[in-house]
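Sequential numbering of the sequence shown, starting at 93, is according to my numbering.
The beta-carbon is built from N, C-alpha and C at its ideal position, and this holds for glycine as well.
None of these values were measured; they are calculated from a predicted model.
Read through the structure below, which is laid out as structure tokens, and then see the notes.
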Amino acid sequence: MSPEPIIIDCDPGCDDALAIILALHSQECDLKAVCTVAGNGAIDNTTCNALNILALCDRSDIPVYRGCSRALDNRQPATVEAFGDDGLGGYAQSIASDNHEQPKDAVAFLVEYVNNHPGEITLFATGPCTNIACAIRNSAEFATNLKRLIIMGGAKYTGNVSPVAEYNFWADPQAAHEVLQAGIANVTVIGLDVTNKIALTCEMRERIRLVGTRLSRFLYDITREGLDDNWRSRHKAVAPMHDVLTVAYMLDPDILEVRPANIEVVVDGLAKGQSIIDIDGHWHEGECNAGYAASVDADRFYHLLFTTIFDEEIE
Ligand code: RIB
Ligand code: CA
């Protein structure tokens, strides 16, 4: 079977980096482009990190398109401490390259590429959904031409920037709202309810370090800040890996139990960014607009992640 053409729209970000790296190591997907958005860092930062992550993996042939620097409400999204000032746990400089992004902006690229490849492209959103919302606003055909959208965002039972809001939906709630209401036929929302269950343990980090390659050392280094942040704030000795679950799910759908749901996003006020997840559309006459990731087979995920990237088990 020919590899699935994909685009990753992201805000690298340590876990965005893992999503890109997993995609690059799989024969089952063909990463056509990376689009960047402000989130874990300012747009200069996330764009530079995306370029350098591709260079680290010897894939500088994959184009990077710079996206929105501000949310739809024109606010600069607050960045995430868990990934350090440079978005890669303080190790962005360790992979510096002289690569440059494409002259075209991410929104124009997304509209052009998806509309020129109707029904073919799987798009991953692992940062705020600003670029995707702008593409939908700018092109009436974009939403119907997109084959599939897999989003890391939201949560039914928790939050990480407030008791009820997850960062990507909180950073640009209007964008998340508009994307989920756009009528895209195949949307999966993978939120904290499952991504919190696939963090990297200290033991796994040490085993990754022992693989002994430049890539494994990079992954060991960039996940330290997230581990320290989780220990400081939650007394949990694990490093977050939220975004990588989106690509893992495409590669092995049995990693997740996905339930049809009607998902709405609160766009302002006390619960700004909260995802209201109505499983089976019970309160919406059965009408559903997305699949909601309800549970995860963590062992299956770890097996896929480590055997795909390192070609060996890491228990
Ligand atoms: O809430 C987790 C999300 O916020 C992830 O995409 C992470 O990269 C941060 O952007
Ligand atoms: Ca991200």
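At the C-beta level, I113 and I401 come within 8 Å of one another. In this chain, the beta strand (DSSP E) harbouring D370 covers S367 to I371.
Each of D103, G105, D107, D108, G131, N132, V172, T218, G219, M244, N252, E258, Y259, N260, H334 and D335 has a C-beta closer than 6 Å to some heavy atom of ligand 1; these make up the full list, in chain order. Of the candidates T338, Y157 and A170, T338 places its Cα closest to the Cα of D107.
Your pair A263 and A163 checks out as a contact, with CB atoms roughly 6 Å apart and the cut at 8 Å. With 16 or more neighbouring CB atoms inside 10 Å of its own CB, Y259 falls in the buried class.
Here S387 is exposed: its Cβ has fewer than 16 other Cβ atoms, across all protein chains shown, within 10 Å. Shown here for Y384: same chain residues with a beta carbon closer than 6 Å to its own, the five before and five after excluded, namely V281, R351, A353 and I369 in chain order. According to the DSSP assignment, D122 belongs to the beta strand (DSSP E) that extends over C121 to T128. The residues L215, I276 and V279, in chain order, have a CB closer than 6 Å to that of L241 in the same chain once the five nearest residues on each side in sequence are set aside.
Counting along the chain, V199 sits inside the alpha helix (DSSP H) bounded by residues A198 to N208. For A225, the closest alpha carbon among the candidates A340, D165 and E379 is that of D165. Listed as beta-bridge partners of D101 by DSSP are C127 and A217. The DSSP-derived three-state label of T305 is coil. Contact between the segment 295-302 and the segment 245-255 is absent: fewer than three C-beta pairs spanning the two stretches fall below 8 Å.
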